[in-house]
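To keep things clear, I will list the structure first and then write my remarks on it.
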Amino acid sequence: MESMTQVFLGLVLCVIVVAHPHPTTAETNGKELIKEVCSLAPNRTLCGQVLSSDLLTSPNATLKDLAIISLRVAARNASAILVDTKMLINDDKLDPHIQQGLADCKETILDAESQLEDTIAALMVDMKTDTKDWLKAALAAIDTCDASIPGDDDVLSVKSAGFRKLCNISISVIALLNNPAAKF
Ligand SMILES: *[C@@H]1O[C@H](CO)[C@@H](O)[C@H](O)[C@H]1NC(C)=O
Ligand SMILES: *[C@@H]1O[C@H](CO)[C@@H](O)[C@H](O)[C@H]1NC(C)=O
Ligand SMILES: *[C@@H]1O[C@H](CO)[C@@H](O)[C@H](O)[C@H]1NC(C)=O
Ligand SMILES: *[C@@H]1O[C@H](CO)[C@@H](O)[C@H](O)[C@H]1NC(C)=O
């Protein structure tokens, strides 16, 4: 009888442990989550800065919040590149081929920007594929811009390299969001 009680108690304890996974892993958000997500990033400082940049949302951010924050930062960066591109298009000293490339680049950035709000909306209702499509479109746009001016140290090459880093941060956050089992 004694041992039956022990077995029974053991089972009850076991069920309690299974039903309540370790609370810190289930509820990690905000600063702790950012630290975990960025532990895998090529540049942890940049990753931390980007994901902490939303003063309202970052302190308690979930993985989904972080995905949205990173997309918004990347989109702002793309907009800044667009401003530079427009200025270059008006530069009469540039070769017509380069200007044509810049005009194409401007169109592709505009397309990518117009997809952003759709992407964030899709993320909010847990649709998975659209975010990747936006990132792909944005990266293709930036490549077009980068390629429109030869060389690696012109203003667009430098800025598009920065933009790619930001996209990489979004890509890794979204990968974790789509596959939480891969988390840490
Ligand atoms: C990492 O990011 C920080 C902040 O943006 C920057 O100052 C630093 O130069 C970067 N480090 C590397 C190795 O790119
Ligand atoms: C974070 O969430 C906790 C509990 O949900 C709340 O008490 C706290 O005010 C929140 N902090 C921020 C900065 O929103
Ligand atoms: C774009 O991102 C890069 C970091 O990768 C940063 O150096 C640059 O200042 C950003 N530009 C804007 C306008 O946010
Ligand atoms: C982006 O990530 C890919 C693969 O994860 C890596 O090969 C590439 O160097 C990264 N690019 C930047 C600019 O960080």
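Count the sequence shown with mature numbering (1 follows the signal peptide of the UniProt record, and there is no 0) and you get residues -26 to -1, 1 to 158, in order.
For glycine and all other residues, C-beta sits at the position ideal for the given N, C-alpha and C.
Problem - Whole-angstrom distance between D78 and A86, CA atom to CA atom - result: 12 Å
Problem - Contact belief for F137 with N51 at Cβ below 8 Å, rounded distance in angstroms - result: 5 Å
Exercise for the section: Compute every distance between the C-beta of T59 and the non-hydrogen atoms of ligand 1, then say whether any falls below 7 Å. Expected result: Every heavy atom of ligand 1 is 7 Å or more from the Cβ of T59, so no.
Problem - Residue interval of the alpha helix (DSSP H) (run including G4) - result: G4 to C12
Exercise for the section: Within 10 angstroms of the Cβ of S53, are there 16 or more other Cβ atoms? Answer buried if so, exposed if not. Expected result: exposed
Handout entry: Coil, strand or helix - H(-5) by DSSP
Key = Below a pLDDT of 50, predicted positions are generally treated as unreliable, and H(-5), at 42, falls in that range; the measurement from the model is reported next regardless. When DSSP states are grouped into helix, strand and coil, H(-5) belongs to the coil group.
Practice task
Name all residues in chain order for which at least one heavy atom of ligand 1 lies closer than 7 Å to the residue's CB.
Solution key: N17, T19, L20 and Q23
Problem - Option nearest I83 by Cα separation, candidates Q23, T118 and C141 - result: T118
Exercise for the section: Please say whether A41 and L113 have beta carbons closer to each other than 8 Å? Expected result: It is not a contact, given that the beta carbons lie outside the stated cut-off.
Problem - Nearest to L20 (by Cα), restricted to the options S144, N153 and I148 - result: S144
Handout entry: Nearest-angstrom beta carbon gap, I43 and D28 [assumed within contact, 8 Å]
Key = 5 Å
Problem - Residue environment, I(-11), which counts as buried when at least 16 other CB atoms sit within 10 Å - result: Unreliable placement is indicated for I(-11), whose pLDDT of 44 sits below 50; the coordinate value is still reported in the next sentence. It is exposed - the Cβ of I(-11) has fewer than 16 other Cβ atoms within 10 Å.
Practice task
Answer yes or no: do A111 and G75 have a C-beta to C-beta separation smaller than 8 Å?
Solution key: no
Problem - Length of the line joining the Cα atoms of T31 and K5 - result: 11 Å
Exercise for the section: Tell whether a beta-carbon distance below 8 Å holds between D58 and V129. Expected result: Yes, these two residues count as a Cβ contact at 8 Å.
Problem - Rounded separation between P124 and A48 - CA only - result: 24 Å
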